[in-house]
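Take a look at the structure below.
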Amino acid sequence: MHPVTRRALVIGATTAIGTAIVAALVADGCRVAGASLEDKPVDGLDLHLAADCSDPVKATEVVEQVVAEFGGLDVLVTAAARMPLEPAHRTTDAQWTSALSNTLDTVFYPVRAALPYLFESNAAAVVAVSSVNTLVAAPWTAAYTAAKGGVDALVRQLAVDYAARGVRVNAVAPGMVGGESLPDAAAGYPIGRTIRPFEVANAVAFLAGPRASAITGVVLPVDGGLSVLSPAAVSRADLQARLRDA
């Protein structure tokens, strides 16, 4: 039973992680609206808006439409991103700008628009989807990692600025999601596989909900232990054997 129906907005609702987040929030009793670049149906949404939330005007319009439909807003989840795969010296201006815009601006602008409504909620929570790349570097992801690092810093700052107003702000930092078809994708993951969308979504739903009422300013890894594993354990066969035989 969910005695209070919370009202949630998910930015990036049509991605694999986004659709899983929608499902998890619905299962927790939320009414959920979604926004994304793609205009396609997502199971569980009461409202879907096709909009580019890296645009401050569009982000504000999305938030205001959701508030008009739901009568308020309690939970904001940001799950949009863009990952150009290039080393820094080959990253174009357009790729750099796109990564920052689609990854960091899609957090800041919706949050800025949502805060006045979140102040009125008794269950206000913001959860951003960050990345394990901010904890352990991966090749050719300079623009994406810089943008996600900005997300982490913004989350901590917002958590401090708005705790007294009753708004909790956290993030999850997933490892590779999916990847089952990629050779050696699970190398470096102590759990022996990559991450599943519903696992990220469950962490988001927890941080967005009342069971996390004293948690704010946290970037929670959902990475199967990747961020705490020594690289030597991946490269040395004897250490790999210890992990298997533990």
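For the sequence shown, the numbering used here gives the first residue as 5, with consecutive numbering after it.
Ideal Cβ positions, reconstructed from N, Cα and C, are used throughout, including at glycine.
- Per DSSP, the unbroken alpha helix (DSSP H) holding residue 61 starts and ends at 60–74.
- In the structure shown, residue 42 adopts coil according to DSSP, grouped into three states.
- Distance from residue 14 to residue 38 at the Cβ level is roughly 5 Å; contact confirmed, criterion being Cβ atoms closer than 8 Å.
- The beta-carbon distance between residue 122 and residue 77, rounded to whole angstroms, is 6 Å. This is short enough to meet the 8 Å contact definition.
- In the DSSP annotation of this structure, the continuous segment of the alpha helix (DSSP H) that includes residue 162 starts and ends at 146–166.
- Beyond the five residues adjoining it in sequence on each side, residue 71 comes within less than 6 Å, by CB distance, of 77, 121 in the same chain, given in chain order.
- Remark: C-beta atoms of residue 107 and residue 85 approach each other more closely than 8 Å.
- In this structure, residue 174 lies near residue 220, with their beta-carbon atoms less than 8 Å apart.
- The alpha carbon of residue 58 has as its nearest neighbour, out of 131, 128, 116, 166, the alpha carbon of 116.
- Counting C-beta pairs closer than 8 Å gives three or more between the segment 217–235 and the segment 191–207, which meets the contact rule.
- Sequence-distant partners of residue 225 (beyond 5 residues in either direction) whose C-beta falls short of 7 Å from its own C-beta, in its chain, are 136, 139, 177, 231.
- In the three-state reduction of the DSSP assignment, residue 201 falls in the helix class.
- Excluding the 5 residues flanking it on each side, residue 201 has same chain C-beta neighbours closer than 7 Å at 20, 21, 24, 181, in chain order.
- Distance from the Cα of residue 56 is smallest, within the candidate group 130, 198, 41, for 41.
- Using a Cβ distance threshold of 8 Å, residue 127 and residue 214 count as a contacting pair.
- If you check the CB distance, residue 134 and residue 156 come in under 8 Å.
- If you draw a straight line from the Cα of residue 130 to the Cα of residue 87, it comes to about 22 Å.
- No Cβ-Cβ contact shorter than 8 Å links residue 17 with residue 51.
- With contacts defined by Cβ atoms closer than 8 Å, residue 28 and residue 209 form a contacting pair.
- By the neighbour-count criterion, in which a residue is buried when 16 or more other Cβ atoms sit within 10 angstroms of its Cβ, residue 9 is exposed.
- Scanning its chain for C-beta atoms nearer than 8 Å, with the 5 sequence neighbours on each side dropped, one finds around residue 79 the residues 10, 11, 12, 13, 29, 34, 127, 128, 129, 130, 131, 212, in chain order.
- When 44, 179, 186, 217 are compared, the shortest CA-CA separation from residue 203 is found for 179.
- Each of 147, 74, 60 was checked against the Cα of residue 94, and the nearest Cα belongs to 147.
- If you ignore the 5 residues before and after residue 169, its C-beta comes within less than 7 Å of the C-beta of 123, all in its own chain and listed in chain order.
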